[in-house]
Amino acid sequence: MHFSRLVAALALTGLTLVQAAPGPRLRAASVIVQDQRTGEALLAKRADDVVPVASLTKLVTAMVLLDAKVDLQAPLTILEEDKDTLRHSRSRLPVGTPLTRQEALTLALMASENRAAHALGRTFPGGMGVFVAAMNAKARALGLGSARFIDPAGLSSGNVASAKEMARIVDAAAHYPVIRACSTREQAEVAGRRGPIRFHNTNALLQSSRWRIGLSKTGFIEESGQCLVMQAQVGHRPLLIVLLDANGPHSRFDDADRIRRWVEGPEPVVKRRVRRHRRA
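Each residue of the sequence shown is one higher than the last, beginning at 211 in the working numbering.
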């Protein structure tokens, strides 16, 4: 029943409705929580600020790759040039590791593997320059006026977007079954030259039975802070959740849990109206 009708119906029975609590206090600097069906923003905080988005960039990388309909079973090899020379981030993929494009895409989305993402751009038809141009063309096609992309891994602080724009990216990416499957996979294993190499999803919330997550991506560089985007079913409605620049290693997950509890909420509390008796 619509809220206003519920209030009116209760008034006729002598009951009143205790309103739901205000929105949760979140540590992320930029936030948007949007109903995916209606586009309604349930929560927004500095949602128009254009900020670095780190490895959230990899969602655009994946869409560009899939739009081009490249052969996902084609082989590639991690090369010296795939190493991160900007931030010197660690990788569990040694130079010389053979992968398929599908494996590289899975590791880029699930484990946020920077070398895998770089290799996908490097081996794209036409090379890295063509790939990055296609990323920015994808942003324009989605109607994103401020989003810009410099590299496929998200290592550059020049990869920027607003929370509102990231919600649109998540919504678009959620229409790709491959992205949904890869980004929510809990673990994967690839064959290394010295034996199997195991990877785990960077989103700890996927291990919780309280969450029904359809798409997930984390991100972090110093300039972006801790970031998290998800498409998830919460309280019987599909939501787009964007959390940018959260402080602390766990605060983005804590913020997401606060949002889930707020959206699900307790059932409306109904109290009986006290009837006063007139004195004789």
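Idealized CB from N, CA, C, for every residue including glycine. Here the structure is a predicted model, which is why all the values come from computation and not from measurement.
So, are the CB atoms of residue i and residue j less than 8 Å apart?
i	j	result
R390	M320	no
V280	R311	yes
A264	I431	yes
A414	T316	no
G402	T307	yes
A383	R237	no
I407	R300	no
V400	A349	no
L289	S366	no
K516	A351	Outside the displayed span of the chain (211 to 490) sits residue 516, for which this structure offers no information.
A329	D292	yes
S434	V260	no
With burial defined as no fewer than 16 other Cβ atoms inside 10 Å of the residue's Cβ, what is the status of residue i: buried or exposed?
i	result
V305	exposed
P232	exposed
D361	buried
T287	exposed
S419	exposed
Q246	buried
G331	buried
A377	buried
P459	exposed
E375	buried
P476	exposed
E313	buried
T412	buried
CB-CB under 7 Å to residue i, same chain, minus the five flanking residues each way: which ones, in chain order?
i	result
I451	V243, V439, M440, A442, A466 and I469
R462	A238, Q436, C437, L438, L453 and A456
F341	V274, G331, F334 and P362
L416	T394, E396, I423 and S426
P234	R468, I469 and W472
M338	G331 and R332
Name, in chain order, the residues that DSSP records as bridge partners for residue i.
i	result
R408	E399
L449	D245 and A442
Q496	The structure shown does not extend to residue 496, since the chain spans only 211 to 490, so no value can be given for it.
I423	A442
V260	Looking at the DSSP assignment, V260 forms no beta bridge with any residue, so it has no partner.
R358	V370
P285	T310
L253	V243
Considering only residues of the same chain and omitting the five flanking positions on each side of residue i, which have a CB-CB separation below 6 Å?
i	result
R358	V370
C437	A264, L266, G429 and L454
M345	V270, V274 and F359
Please return the same chain residues whose Cβ sits closer than 8 Å to the Cβ of residue i, not counting the five positions on each side in sequence.
i	result
E474	V444 and G445
R256	A239, S240, V241 and A373
F409	R302, L317, M320, A321, E323, Q397, A398, E399 and V400
L276	Y386, V388 and I389
Is the closest heavy atom of the ligand FAD to the C-beta of residue i under 7 Å?
i	result
H460	The model depicted lacks the ligand FAD and carries no ligand whatsoever.
>> Check whether the stretch 281-300 and the stretch 342-358 touch, using three or more Cβ-Cβ pairs below 8 Å as the test.
In response: With fewer than three CB-CB distances shorter than 8 Å, the stretch 281-300 does not count as touching the stretch 342-358.
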